[in-house]
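Each remark here refers to the structure printed beneath this line.
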Amino acid sequence: MNPLGQYRALHHAIALPIAVLASWLLLSGLPFLHEEAPAASVQDTLDYPLHGYLSNFNEHLFLADALASTLTDGSSIVLLGSSELTSADHPSKPFRFFNNELNVPLLALGHADNQGFSMYAQLLATGADLAHARLAIMISPTWFFDDNGKRGTNLASFLEYQPSPSLYRIQYLVQNGDTLATPVATYLYEHLEQLGSTQPVVQWLAREGSWRTRALYLYSQPWYAEIIRRTAPGMLAAQQVRHWEPKPRQPISAERWKELYDEGVAQHLAQCTNNSVYVYDEYYSEYVKGRTRLLQAAPYGKNREMHDLVRLLDYVKAKHGRPFFVIQPLNPYVYTNLKEVSPAIAWVRNELDQRDMPYLDLWVDDTARFQPGTLTDVMHLGPLGWYRVDSAMNAYFR
């Protein structure tokens, strides 16, 4: 070995023990690390059983704690979804229909870009056994096509649903060897350059995501772990709730469902006067304007969203859950190559069938089978679509 190489080897051999010793001395010498952090003040309060709609965790940083309770005791239906939850409002939307018409507590959670891996991490953060959970998950076809399929959940959306208290819960799982939590560390490692100067819990998780960063930051991981341990009591505080008693469940007849379906179609058609593709006038004028669209489905090996769906399905099965899934449709008048991409949806069905997961399949790939009113635009459910979802969920969550 040349002299320069010998110097570098000696430098690395000496630097690591010195760094570890310095970290230990620093940890020992900082008084605030030897005082238990007070429990964080939880400013918000949620009604329990949970109900209504939340777009993300921004206003309820300790929501994972409340979700853990409701998934464990089954006191509410929890519906995870994405942009369909924020499309044109209507009484048929589950968080309105179940709470207002059926007297069944239902919490809908999500907005655009809340995709498979984000949902996986939300459930993981609760740590709940799902044996008694009343859980429903909306599957959007657009997750699997074009750039969405290749990219999967983007970092900004992921972090909306993973505030510090949730990440502390996941960090505990990773530190204690729970392999179901490892994918979150791997995901954050893959986005390490985008994270910048973030909180210790994020840095610790990201560095645990690869053996290279675990080795590179061997001296600082104990430092971050100690900060996390000392601040954990505040970050793991319980979500404050107000308990309330739901009214008796309201029954609904087959005749009433038919009335709702007919009303939904009529209401939809009344708002589709400037086009023949069954899209609301305003949306058509702004986004469609007579144009059609094509989709591309990346193969499984290059489709991250497909892998994320498998991870989500395997997780809920490992946690003894049997959620109800909804496979949503697209407008075949606007997306003109749906038959070409239908194999991707057939793959979704197959993954659900293999795990004996129940689902409502609204997908169609031709105009002959498309029912006006199922969608308000090219991809978001309309009154008829939502009433069909309501009916199927009402039957499943009896």
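Residue numbers (the numbering used here): 40 to 437.
Each residue gets a CB set at the ideal place from its N, CA and C atoms; glycine is no exception.
Same chain only: Cβ atoms within 7 Å of residue i, ignoring 5 sequence neighbours per side
i: Gln289; result: Glu140, Leu141 and Asn142
i: Tyr300; result: Leu423 and Tyr426
i: Glu344; result: Gln154, Gly155, Trp182, Phe183, Asn187, Gly188 and Gly191
i: Cys311; result: Tyr317, Val318, Tyr319 and Asp320
i: Glu247; result: Val213, Ala224 and Arg253
i: Leu194; result: His230 and Gln233
i: Arg332; result: Val373 and Tyr374
i: Ile384; result: Pro180, Ile366 and Trp402
CB contact flag (residue i, residue j, <8 Å)
i: Phe96; j: Tyr200; result: yes
i: Pro451; j: Thr111; result: Residue 451 cannot be examined here, being either before or after the span of the chain that is shown, 40 to 437.
i: Pro130; j: Leu145; result: no
i: Thr406; j: Pro371; result: yes
i: Ala277; j: Phe409; result: no
i: Leu169; j: Val349; result: no
i: Val403; j: Val373; result: no
i: Thr415; j: Pro368; result: no
i: Ala336; j: Val387; result: no
i: Tyr263; j: Gln242; result: yes
i: Asn138; j: His99; result: no
i: Leu124; j: Ala103; result: no
i: Pro411; j: Val327; result: no
Neighbour-count burial assignment, residue i, 16 or more Cβ in a 10 Å radius
i: Glu511; result: Residue coverage of the chain in this structure runs from 40 to 437, which leaves residue 511 outside it and unanswerable.
i: His282; result: exposed
i: Ala357; result: exposed
i: Pro382; result: exposed
i: Glu232; result: exposed
i: His359; result: exposed
i: His171; result: exposed
i: Ala160; result: buried
i: Gln393; result: exposed
i: Ser203; result: buried
i: Leu119; result: buried
i: Tyr323; result: buried
i: Asp429; result: buried
i: Ala293; result: exposed
i: Gly166; result: buried
i: Leu399; result: buried
i: Arg342; result: According to the sequence displayed, residue 342 carries Asn and not Arg. That one is buried.
i: Ala220; result: buried
Expected contact under 8 Å - CB spacing of residue i and residue j to nearest Å
i: Val365; j: Leu391; result: 11 Å between Cβ atoms; not a contact.
i: Leu244; j: Ile209; result: 7 Å
i: Pro419; j: Ser205; result: Pro is not the amino acid found at residue 419; the sequence shown has His there. Not confirmed; about 27 Å, so no contact.
i: Leu334; j: Asn389; result: That belief does not hold up - the Cβ atoms of Leu334 and Asn389 are roughly 19 Å apart, past 8 Å.
i: Leu174; j: Val117; result: 5 Å
i: Trp275; j: Tyr207; result: According to the sequence provided, residue 275 is Leu. The question's Trp does not apply to it. Their Cβ separation, rounded to whole angstroms, is 6 Å, which keeps Leu275 and Tyr207 in contact under 8 Å.
i: Val280; j: Leu85; result: 5 Å
i: Ser259; j: Tyr228; result: Not a contact, Cβ separation roughly 15 Å.
i: Pro239; j: Ile267; result: 6 Å
i: Leu352; j: Met396; result: 7 Å
Residues that DSSP places opposite residue i in a beta bridge
i: Met177; result: Val365
i: Phe184; result: Ala336
i: Ala147; result: Tyr92 and Leu118
i: Val280; result: Leu85
i: Leu308; result: Note: Leu308 sits in no beta bridge, so no partner.
i: Tyr374; result: Arg332
i: Tyr398; result: Phe364
Other residues of its chain near residue i: CB distance less than 6 Å, five sequence neighbours each side excluded
i: Thr192; result: Gln154, Phe156 and Ser157
i: Ser121; result: Gly149, Ala151, Asn153 and Ser179
i: Phe436; result: Ile116 and Arg173
i: Tyr339; result: Met345
i: Phe197; result: Ser157
i: Lys378; result: Asp404
Any non-hydrogen atom of the ligand NAP within 7 Å of residue i CB
i: Met158; result: The model on display carries no ligand, and the ligand NAP is accordingly not part of it.
Minimum Cβ-Cβ distance from residue i to chain B less than 8 Å
i: Leu231; result: No chain B appears in the structure shown, which is made up of a single protein chain.
Cutoff 8 Å; reference residue i; Cβ partners in own chain excluding five residues on either side
i: Leu347; result: According to the sequence displayed, residue 347 carries Asp and not Leu. Within the same chain, Asp347 has close Cβ partners Gln154, Gly155, Phe156, Tyr159, Gly191 and Thr192.
i: His114; result: In the sequence as displayed, the identity of residue 114 is Ser instead of His. Within the same chain, Ser114 has close Cβ partners Tyr87, Pro88, Leu89, Ser108 and Pro144.
i: Ala434; result: none
i: Glu302; result: Pro422
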